[in-house]
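Working notes, beginning with the structure itself.
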Amino acid sequence: MFPTKCRYNCFLKQSHIDTCTSALHECEAFGFRFGTIGFGGNHVHFQVDVPDQYSIRDAKTLLKSRSARRMFAEHPGFRKRYPRGSFWSGYEHHESAGLKDFEGSAAYIRNQQKHHNIVIVDDRQQKLSAFTAG
Numbered sequence: 005m006f007p008t009k010c011r012y013n014c015f016l017k018q019s020h021i022d023t024c025t026s027a028l029h030e031c032e033a034f035g036f037r038f039g040t041i042g043f044g045g046n047h048v049h050f051q052v053d054v055p056d057q058y059s060i061r062d063a064k065t066l067l068k069s070r071s072a073r074r075m076f077a078e079h080p081g082f083r084k085r086y087p088r089g090s091f092w093s094g095y096e097h098h099e100s101a102g103l104k105d106f107e108g109s110a111a112y113i114r115n116q117q118k119h120h121n122i123v124i125v126d127d128r129q130q131k132l133s134a135f136t137a138g
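FYI, our numbering numbers position 5 of the sequence shown as 9, with every residue one higher than the one before it.
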């Protein structure tokens, strides 16, 4: 679990969620394998299989830096909220999920919107054909 700096609710728009998700999936080129990813408004939960050559500290640094860089590049307004360029908080929570409660943790991650009682606004741009009369 990675929370945003100062616990700002930065993940209430679908475009922000998509940017962060794609940034995390870019790390698959380094051997990371992602399972379920869920956003709770001001934090992200995800299941990830970290390759053996990375320590937890190195993996955390790689994931946070890659996703923060993409968030600032694709959403320039984030520089107003985070002028020092620090998107993620220093806090993180990681624990091993065994096969016994793997599905339980995946269900918890999938239900973040309901658990935190948040509504995600779909602000992605629609294609023009969606608005024309058929």
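Where a beta carbon is used, it is the ideal one built from N, C-alpha and C, also for glycine.
By how many angstroms is the C-alpha of residue j removed from the C-alpha of residue i?
i: Arg114; j: Tyr95; result: 21 Å
i: Thr8; j: Gly42; result: 14 Å
i: Glu78; j: Ile124; result: 18 Å
i: Arg11; j: Lys84; result: 15 Å
i: Thr23; j: Phe106; result: 26 Å
i: Gln57; j: Phe34; result: 10 Å
i: Arg128; j: Ser19; result: 6 Å
i: His49; j: Arg88; result: 24 Å
i: Gln51; j: Gly81; result: 29 Å
i: Met5; j: Trp92; result: 11 Å
In its own chain, which residues sit with a C-beta less than 6 Å from the C-beta of residue i, not counting the 5 before and 5 after it?
i: Asn13; result: Gly45 and Asn46
i: Phe15; result: Ile21, Phe43 and Gly45
i: Ala27; result: Arg70, Ser71 and Arg74
i: Asp53; result: Arg37
i: Gly39; result: Gln51
List the residues that DSSP assigns as beta-bridge partners of residue i.
i: Thr8; result: Trp92
i: Arg37; result: Asp53
i: Val48; result: Phe6 and Phe43
i: Val125; result: Lys17
Using a Cβ-Cβ cut-off of 7 Å (strictly less than) and excluding sequence neighbours within five positions of residue i, which residues of its own chain qualify?
i: Gln117; result: Ile124
i: Tyr86; result: Lys9
Keeping to the same chain, check which residues put their C-beta closer than 8 Å to that of residue i; ignore five residues upstream and five downstream.
i: Ile60; result: Val54 and His98
i: Glu30; result: Arg70 and Arg74
(Q) Contact between the stretch 60 to 72 and the stretch 104 to 112 is defined here as three or more beta-carbon pairs at a separation below 8 Å; is this criterion met? (A) When Cβ pairs closer than 8 Å are counted between the two stretches, the stretch 60 to 72 is seen not to touch the stretch 104 to 112, the count staying below three.
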